[in-house]
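In our numbering, the protein residues as written are 858 to 926.
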Amino acid sequence: MDDERIKRIARAMCRAARLDPDKPADGAQLRRLALAEPPTDRGNSPAWILFRRNAERFAAAHREIASAL
Numbered sequence: 858m859d860d861e862r863i864k865r866i867a868r869a870m871c872r873a874a875r876l877d878p879d880k881p882a883d884g885a886q887l888r889r890l891a892l893a894e895p896p897t898d899r900g901n902s903p904a905w906i907l908f909r910r911n912a913e914r915f916a917a918a919h920r921e922i923a924s925a926l
């Protein structure tokens, strides 16, 4: 999967979680997502980064669907 496709999927997942994909996630949002994504040095990264690994998993598991995105 190409990086732009993964980014689009991750951004959509972020919006589905009611987060602005372009703003850094605050502490409460990070705690809520802690079980879904292992801790990393997120710094001031945009919130969609939190969903990148899940987007990669989705794309790998659903190649036909992801290829249309």
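For glycine and all other residues, C-beta sits at the position ideal for the given N, C-alpha and C.
Inset, instruction - Consult DSSP for ARG862 and reduce its assignment to one of helix, strand or coil. - result: Here residue 862 refers to the residue found at position 5 when the sequence shown is read from its first residue. Helix.
Legend entry - N- and C-terminal bounds of the alpha helix (DSSP H) containing ARG909: Position 52 of the sequence shown, counting from 1, holds the residue named residue 909. Annotation: the continuous alpha helix (DSSP H) that includes ARG909 extends over 909 to 918.
Inset, instruction - Can you say whether ALA904 is buried or exposed, counting buried as having 16 or more other CB atoms within 10 angstroms of its CB? - result: For the purposes of this step, residue 904 is taken as residue 47 along the sequence shown, with counting starting at 1. The residue in question, ALA904, is buried, as its Cβ has 16 or more Cβ neighbours within 10 Å.
Legend entry - Coarse secondary structure for ARG872, derived from DSSP in three states: Walking along the sequence shown from the start, residue 872 turns up at place 15. Looking at ARG872 - three-state DSSP - the assignment turns out to be helix.
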